[in-house]
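J.: In this note's numbering, the protein residues as written are 171 to 428.
After the C-alpha cells below, expect a handful of questions from me.
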C-alpha cells in the first residue's frame, strides 16, 4: 500500500497531491492506472520521463500501486520529470476530468517540484550573454538533475551579473576580480547603494552580512560543486541554501540597480 512521504520538504509532492494526480488526473478504473499496461508503465520512465530508475526497488503489485510507490519515493526533481511525462501522455481534454485547469495544476506541481527553492528565479534587467546562458543552464539543471548540479552555474551567473553592472557604471575592474571584489566595489561606488533609506545603518549592516555570504559562495562553488572534480559535493539542502542566497542577492541588487 502507498504510504505518505515522511519528512516532506518544500518542492516535493504532498500525499494529497499524489492522490490527486493518480485519482483525479490520470484516473483509476477497476484498479488500473489510466491505460497503462505493465509493459508501458515500465517503459514510461525512460521513454517519456528520461529517468533511469530501478523499478524493482519499489513496491506495489499493480501498476497503480507501483506508480504510487515510485512517485512518493523519488526526489523532487524526479517527481517533476514524472509529472511532465504524465502531461505528455495525458494532455488536457483526453477525458472530461482533464480540464485546462487540471492540466495547468499538473504543470504547476511539476514546476514546484523541479525548482524546490523558496526564492524564485528572476530575469535581471542588467544582463550579459554569459549571465543569460548561465542562468538558463542553472534552471535546466535544477529541473533535470537537482540543485547540487546547478550551484556552479548560479555562481557563474552572479559573477557575470556583477561584472555587467560594473561595466554599465564604467567602473574599472581587474580581470581576476571575484564576486566578493566586485560586490565591494559596487557597495563603495554605485550610487544606488549609497542611499539606503531611513534605516541606512541597519541596511549597511545587512549589506556587510551579504558580503560574508558572497565570501561563502566562492568555496561552496570551488569545493562543493561540479565546477571541479570534487569528491564531496554539497547535499541537496545545502545546495538549495546556496542557490536561494544567490537568488536573493540577484533580486535585491537588480531592483536597486535598475
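From the three backbone atoms N, C-alpha and C, an ideal C-beta is built for every residue, glycine too.
Could you tell me how far apart the beta carbons of residue 216 and residue 322 are, in whole angstroms, since I believe they sit closer than 8 Å?
T.: The residue you call residue 216 lines up with position 46 of the chain shown. The residue you call residue 322 lines up with position 152 of the chain shown. That pair is no contact at about 27 Å.
J.: By the three-class DSSP mapping on this structure, what secondary structure does residue 400 have?
T.: Taking the first residue of the chain shown as 1, we reach residue 400 at position 230. In this structure, residue 400 counts as coil in the three-state DSSP scheme.
J.: Under 8 Å, do residue 280 and residue 253 count as touching if we go by C-beta distance?
T.: What you label residue 280 is simply residue 110 of the chain shown in a count that begins at 1. What you label residue 253 is simply residue 83 of the chain shown in a count that begins at 1. Taking 8 Å as the Cβ cut-off, residue 280 and residue 253 qualify as a contacting pair.
J.: Does the stretch 229 to 246 come close enough to the stretch 191 to 199 that 3 or more CB-CB pairs lie under 8 Å?
T.: Taking 8 Å as the limit for Cβ pairs, the verdict is that the stretch 229 to 246 does touch the stretch 191 to 199.
J.: Between residue 417 and residue 292, is the Cβ-Cβ spacing less than 8 Å?
T.: Position 247 of the chain shown, counted from the first residue, corresponds to residue 417. Position 122 of the chain shown, counted from the first residue, corresponds to residue 292. Cβ atoms of residue 417 and residue 292: closer than 8 Å.
J.: How big is the Cα-Cα spacing for residue 242 and residue 344?
T.: Along the chain shown, read from residue 1 onward, the residue named residue 242 stands at position 72. Along the chain shown, read from residue 1 onward, the residue named residue 344 stands at position 174. Straight-line Cα distance between these residues: approximately 50 Å.
J.: Taking residue 247 as the reference, which of 426, 410, 204, 427 has the closest Cα?
T.: The sequence position of residue 247 within the chain shown is 77, counting from 1. Looking at the Cα atoms, 410 is the closest of the given residues.
J.: Out of curiosity, what's the CA-to-CA distance linking residue 376 and residue 329?
T.: Position 206 of the chain shown, counted from the start, is the residue given in the question as residue 376. Position 159 of the chain shown, counted from the start, is the residue given in the question as residue 329. Cα to Cα, the separation comes out at about 20 Å.
J.: Please name the residue, chosen from 423, 207, 413, 188, that lies closest to residue 319 on a Cα-to-Cα basis.
T.: In the chain shown, the residue the question calls residue 319 occupies position 149. With distances taken between Cα atoms, residue 319 lies closest to 413.
J.: DSSP state of residue 331, grouped into three classes?
T.: Along the chain shown, read from residue 1 onward, the residue named residue 331 stands at position 161. Residue 331: helix per DSSP, three-state reduction.
J.: Quick one: Cα of residue 301 to Cα of residue 225, how far?
T.: Mapped onto the chain shown, residue 301 falls at position 131. Mapped onto the chain shown, residue 225 falls at position 55. Straight-line Cα distance between these residues: approximately 39 Å.
J.: Report all residues from its chain with a CB closer than 7 Å to the CB of residue 316; omit the five preceding and five following residues, and keep chain order.
T.: Counted from its first residue, the chain shown places residue 316 at position 146. So the qualifying residues of the chain are 245, 247, 406.
J.: Alpha carbon to alpha carbon, what distance is there between residue 399 and residue 172?
T.: Counted from its first residue, the chain shown places residue 172 at position 2. Counted from its first residue, the chain shown places residue 399 at position 229. For residue 172, the predicted model reports a pLDDT of 37, less than 50, meaning its position is unreliable and no value from the coordinates is stated.
J.: So what does residue 202 bridge to, in DSSP terms?
T.: On the chain shown, residue 202 is found 32 positions in, with the first residue counted as 1. Per DSSP, 199.
J.: Once the 5 residues before and after residue 384 are set aside, which same chain residues still bring their CB inside 6 Å of it?
T.: Indexing the chain shown from 1 puts residue 384 at position 214. Hits under 6 Å: 349, 350, 353.
J.: Starting from the C-beta of residue 228, find all residues in its chain whose C-beta is less than 8 Å away, skip the five residues before and the five after it, and write them out in chain order.
T.: The residue given as residue 228 occupies position 58 in the chain shown. Excluding sequence neighbours, residue 228 sits near 236, 239, 240, 243.
J.: Does the distance from the CB of residue 265 to the CB of residue 197 come in under 8 Å?
T.: To locate residue 265, count along the chain shown from 1; it is residue 95. To locate residue 197, count along the chain shown from 1; it is residue 27. Yes, the Cβ-Cβ distance between residue 265 and residue 197 is below 8 Å.
J.: Please classify residue 249: is it buried, with 16 or more other beta-carbons within 10 angstroms of its beta-carbon, or exposed?
T.: Looking up residue 249 in the chain shown gives position 79. Buried, because 16 or more other Cβ atoms sit within 10 Å of the Cβ of residue 249.
J.: In the stretch 242 to 309, which residue ranges form an unbroken beta strand (DSSP E) of at least 3 residues, counting only runs that do not cross its ends?
T.: The stretch 242 to 309 contains no whole beta strand (DSSP E) run of 3 or more residues.
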